[in-house]
Amino acid sequence: MKNFQFKFLLAFLLFVYLIFPSNAQNSTTQFKFELNSAIASENTLPFWLVSNSYGAIPNENNLRLKSTLFSDFQKSNSDFSFSYKASFTAYAAKENDIFINELYGSVSYKNWLLTLGAKNDAVIFEGLSLSNGNIIKSTNSRAFPGIELTTNGFITAPFAKNWLSFKLNYAEYVLHDKRIADKAHLHHKSLFLKSKLSSSLHLITGLDHFVQWGGTSEEFGKHPASFKDYLKIISATAGGSNSYEGEQVNALGNHIGSYLLQLDYVGLHSNWSFYYSHPFEDRSGREFMNYPDGLFGFFIDFKKPKSWLTHLLTEFYNTKHQSGTTSVSGYDNYFNNTIYGSGWTYFGRTVGAPLFLTRPTVDGITPGIGESRFTAVHIGLKGHLSENVNYKSNITYTNYPGWFNTSNSKKNQFSTSFECVIPENQFPFDISIGIAADFGNFSPSNIGGFIALSKNGFF
């Protein structure tokens, strides 16, 4: 893995050298340094001290230092614009570590954006969503390194007069953590359509599609990875005679996808969003045979920037149906896969909603998801305690019923957090303070907290 990171760093530096020198005199480089310490009453941290941190926080008492250098896109008369970012984390815990958070360079040309490297997904809904509005892709794991071509937001369709716009992406990544299928690749594409129903109502519909493919595993050997195989992978068609028997019946590779349905209301005094994220991994999910599984959410922006409550989000999760108990199409067991045994995880963290809990690692390898059936209610709050001090709070209740027809009693978990930020204009640095707690019969009761000091500015 260290050898990969070294090669990746060299490729990134070469990319930056090639595209940025002619614009260096116009760019503005910024920095941010953050020192953070987290402790808890148990050996692990509470749920909300670890989850949705882009995989950067170890699940134990720790002291961390995060260093970031970046330059955003600059306004100019040119159709081209550039940005880059390098972010590293070092922490002291039971096992010390240093790793790359983000390392990328981006080129923007008119309505298009090309990115090489590892870049975190943008946070939506003010960071209050349990899964960033997408049940299969949260902010819970590290960024995948690779190359991505995407539209720069929504673009008006050529034949439409502002009533229809689209957003799409196409990307290829590599999974370089320790996995059951070593050196596997990850394909990603998406397409979203925004329809203008009225001056204040917009409807967004779309599709997100990921595929794990290629790589080598001890049990199945080298997985198909020719160009012909790649065409089958991106089109979700069955594999050939060189593939595993199950892939010859279904589709080549490990497919994870979601449908999105979102209604946005833009008002004079508030903005509202209603959304549904529906997961699928095979034909039964694509045809909604696993309904009502999915994420149902509601978000409101009160448009009162200094109010005690500026934003409110509520979400309901259900993954209990899993296409039922029929032997052919049921028992979906989300985010797990026979061939790609590490499942929908990356560096030991679930890529989707963090309520999908990973199994304990074995020799540094995560053997997939242990808890894939649950119902949950989540509430996120954001506002101001005073003129200069803002807060964010999470309240999550989860029920894990266990696998089908098991005699295990239902397990319940209540997780909550509260954090506030005292901005730099009060001190020489920003101060963030937070507490979090877990209660219930699923895992031991746990109370913890953190304090972070951060400083940012321009070079």
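Positions -24 to -1, 1 to 435 (mature numbering (1 follows the signal peptide of the UniProt record, and there is no 0)) are the ones given, in order, by the sequence shown.
Glycine residues also receive a C-beta, built at the ideal position from the N, C-alpha and C atoms.
Residue(s) in a DSSP beta bridge with residue i
| i | result |
| --- | --- |
| D73 | Y67 |
| Q389 | T374 and G416 |
| D240 | H178 and S249 |
| E124 | T91 and A147 |
| K172 | H178 |
| L140 | S171 |
| F196 | Answer is none; F196 lacks a bridge partner. |
| D406 | S430 |
| L106 | Bridge partners of L106: none, in fact. |
| P255 | S234 |
| G81 | Y60 and L92 |
| A157 | S193 |
Span separating the alpha-carbon of residue i from that of residue j
| i | j | result |
| --- | --- | --- |
| L167 | P404 | 44 Å |
| K296 | D277 | 31 Å |
| K137 | T372 | 42 Å |
| S393 | S54 | 45 Å |
| Y206 | E257 | 18 Å |
| S3 | G109 | Unreliable placement is indicated for S3, whose pLDDT of 49 sits below 50; no coordinate value is reported for it. |
| L162 | S59 | 24 Å |
| F435 | L237 | 43 Å |
| F56 | K143 | 19 Å |
| G182 | K358 | 28 Å |
| V338 | W379 | 22 Å |
| H254 | F272 | 9 Å |
| Y376 | T351 | 7 Å |
| P200 | G129 | 34 Å |
| H178 | A133 | 15 Å |
| T342 | D153 | 10 Å |
| L429 | N12 | 6 Å |
| F418 | A412 | 16 Å |
| K282 | E363 | 7 Å |
| V187 | A16 | 37 Å |
| K51 | P399 | 27 Å |
| K368 | W284 | 11 Å |
| N247 | F203 | 46 Å |
| Q1 | P34 | Residue placement at Q1 cannot be trusted, given a pLDDT of 48 that sits under 50; what the coordinates show is reported in the next sentence. Taking the straight line joining both Cα atoms gives about 39 Å. |
Boundaries (first-last residue) of the alpha helix (DSSP H) holding residue i
| i | result |
| --- | --- |
| L207 | F203 to I210 |
| F23 | F23 to V26 |
| V338 | Note, V338: premise wrong, no alpha helix (DSSP H); not H, not E. |
| Q224 | E221 to V225 |
| S430 | Per DSSP, S430 belongs to no alpha helix (DSSP H); it is in the beta strand (DSSP E), N422 to F434. |
| G261 | R259 to R262 |
Continuous beta strand (DSSP E) stretch holding residue i: start and end
| i | result |
| --- | --- |
| V187 | L177 to W189 |
| Y293 | H287 to N294 |
| V304 | First-last for V304: undefined, no H or E at that position. |
| D277 | G270 to D277 |
| G6 | Note on identity: in this sequence residue 6 is Gln, with Gly being the wrong assignment. Q6 to A16 is the extent of the beta strand (DSSP E) around Q6. |
| F46 | N38 to S47 |
| G356 | T351 to H360 |
| I112 | I112 -> no beta strand (DSSP E), and no H or E assigned at all. |
**OP:** Answer yes if the segment 287 to 302 comes into contact with the segment 267 to 275, meaning at least three C-beta pairs across the two stretches below 8 Å, and no otherwise.
**Re:** Verdict: yes, contact present.
Subject >> Segment contact flag, the segment 318 to 332 with the segment 26 to 34, C-beta cutoff 8 Å, min 3 pairs >> reply: As far as the Cβ criterion goes, the segment 318 to 332 touches the segment 26 to 34, which means the pair count is three or higher.
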